[in-house]
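Colleague: This note's numbering applies: residue 59 is where the sequence shown begins, and numbers increase by one.
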Amino acid sequence: MPSVILQNPVHVLDDTLPNDITLPAFMVSKTRGFLPRMDPITHLPPSSPSAGFKPWMEYAGSYALFNYRLEDPMAGLEYSNLRLIRAFEHGLDPTSSEAGFVLVHVDMVKNSALPAAATQRRDFNAGLRTVLDTMRKVNRTMETMWAKSKPTSYTSFRTFIFGITSQEYRPSNHRAFLQSVKERALEVGTKTFALAVDQNDPDQEILESRALWLKVLNEVRDFRWRHWCFAREYILKRTAHPTATGGSPIVTWLPNQLEAVLDEMMAIYEEVGGKDNLDEESRDIMDLAGRQQETLRKEVNKYCSERGVSRS
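1. Count the CB pairs spanning the region 297–304 and the region 262–273 that are closer than 8 Å, and state whether there are at least three.
2. Kindly indicate which residue of 322, 198, 254 has the alpha-carbon position closest to the one of residue 183.
3. Alpha carbon to alpha carbon, how far is residue 186 from residue 192? Give it in angstroms, no decimals.
4. As a quick exercise: from 261, 291, 277, 324, pick the residue whose alpha carbon is nearest that of residue 352.
5. With 16 as the cutoff for other CB atoms within 10 Å, does residue 125 come out buried or exposed?
6. Do the CB positions of residue 201 and residue 279 come within less than 8 Å of each other?
7. Measuring alpha carbon to alpha carbon, tell me which of 251, 271, 148, 164 ends up nearest residue 138.
8. For my contact list, residue 156 and residue 215 are in at a C-beta cut-off of 8 Å; report their separation, rounded to the angstrom.
9. Return the chain-ordered list of same chain residues with a C-beta closer than 7 Å to the C-beta of residue 354, the five sequence neighbours on each side being excluded.
10. Please classify residue 295 as buried or exposed, where buried requires at least 16 other C-beta atoms within 10 Å of its C-beta.
11. Under 8 Å, do residue 168 and residue 128 count as touching if we go by C-beta distance?
12. Going straight from the alpha carbon of residue 349 to that of residue 107, what length do you get?
13. Return helix, strand or coil for residue 351, following the three-state DSSP convention.
14. Work out the CA separation of residue 260 and residue 293 for me, nearest whole Å.
15. Classify residue 241 as buried or exposed, calling it buried when 16 or more other Cβ atoms lie within 10 Å of its own Cβ.
16. On the premise that residue 140 lies in contact with residue 161, defined as a C-beta separation below 8 Å, what is that separation, rounded to the nearest angstrom?
Below you can see the structure in the form of structure tokens.
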């Protein structure tokens, strides 16, 4: 078979020369492949402030919630009717792991609902039941990720969505919504009203409020525990890289979030008088939370020890 002779052979660098910005935009090195130079190929206008998004691949602003279409516009938001508009790997195939990863996020958000707001206890409990039902739908949808996006495939497209860190990098409308909810909840004393710990002889509706509040927190716990399970199976078992997709420490950040909600559940459990003031389902929830705290500590200590990471 005749050999191929290049008219203009590619010059491969032994030294990557990271500080030399006079080289062409993309050179090839033996150690790092294609190298983008420090000097940009072109200057783009600062469009992200006008758009309200940071200049990264946000789940909401680009990769997920702004990146799907309906195969049949009349069929609505059923999962089987969702398609990606753009993808990195094989995501235009709706059965691929990349499509599954993105579209499960879309399907989860579809189940979001606005909670009912009211001042009367009965209406308040109805609102909490709405929130609880919504969170359960989101968690059921989240669980479908295992079947729709294979853990072994994630690293093939994960590279492209690195880089978003801290709360300021959340989509602007997301940040505004969360800030509004936080401020309003503090203003009206939502948690204080829900728990009513100043009531020495709580009636049945107050007991229901407390139970519902714990059950909603339990759904947050379930969400964060599953997210940690995803991190273990999709990332920690596949790479030793210390940084999570969003830029946080991979071994400690998600466990810190999970521990925060577990600690809050334990604090409320004590605040309302323990198991004697809870229904059977809530007592079972708290038993699970206690076991999960211990399991999480052991898992994180193991990963920190293996990877030489500080637990603090």
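The beta-carbon is built from N, C-alpha and C at its ideal position, and this holds for glycine as well. Note that the structure is predicted; figures quoted are calculated from it, not measured.
Modeller: Reading it off the structure:
1. Cβ pair count under 8 Å is below three, so no.
2. Here residue 183 is taken as the residue at index 125 of the sequence shown, counted from 1. Out of 322, 198, 254, 254 has the C-alpha closest to the C-alpha of residue 183.
3. Numbered from its first residue, the sequence shown carries residue 192 at position 134. Numbered from its first residue, the sequence shown carries residue 186 at position 128. If I take the Cα positions, the gap works out to 10 Å.
4. In the sequence shown, residue 352 corresponds to position 294, counting from 1. Ranking 261, 291, 277, 324 by Cα distance to residue 352 puts 324 first.
5. As a working note, residue 125 is residue 67 in the sequence shown. The residue is buried, with at least 16 neighbouring Cβ atoms inside 10 Å.
6. Within the sequence shown, the letter at position 143 stands for residue 201. Within the sequence shown, the letter at position 221 stands for residue 279. No, the pair does not count as a contact, with Cβ atoms beyond the cut-off.
7. Numbered from 1 along the sequence shown, position 80 holds the residue referred to as residue 138. Ranking the options by Cα distance to residue 138, first place goes to 164.
8. As a position in the sequence shown, residue 156 is number 98, starting the count at 1. As a position in the sequence shown, residue 215 is number 157, starting the count at 1. Right, the Cβ-Cβ distance comes to about 5 Å (below 8 Å), so this counts as a contact.
9. As a working note, residue 354 is residue 296 in the sequence shown. Here residue 354 has 313, 316, 317 as same chain residues with Cβ atoms under 7 Å from its own Cβ, once five neighbours each way along the sequence are excluded.
10. Here residue 295 is taken as the residue at index 237 of the sequence shown, counted from 1. Residue 295 comes out exposed.
11. Walking along the sequence shown from the start, residue 168 turns up at place 110. Walking along the sequence shown from the start, residue 128 turns up at place 70. Not in contact: residue 168 and residue 128 (Cβ atoms no closer than 8 Å).
12. In the sequence shown, counting from the first residue as 1, residue 349 sits at position 291. In the sequence shown, counting from the first residue as 1, residue 107 sits at position 49. Cα-Cα distance, rounded: 45 Å.
13. Here residue 351 refers to the residue found at position 293 when the sequence shown is read from its first residue. Helix.
14. In the sequence shown, counting from the first residue as 1, residue 293 sits at position 235. In the sequence shown, counting from the first residue as 1, residue 260 sits at position 202. Distance between the alpha carbons of residue 293 and residue 260: 47 Å.
15. Taking the first residue of the sequence shown as 1, we reach residue 241 at position 183. Exposed, because fewer than 16 other Cβ atoms sit within 10 Å of the Cβ of residue 241.
16. Here the question's residue 161 lines up with position 103 in the sequence shown. Here the question's residue 140 lines up with position 82 in the sequence shown. So it is a contact: roughly 5 Å between Cβ atoms.
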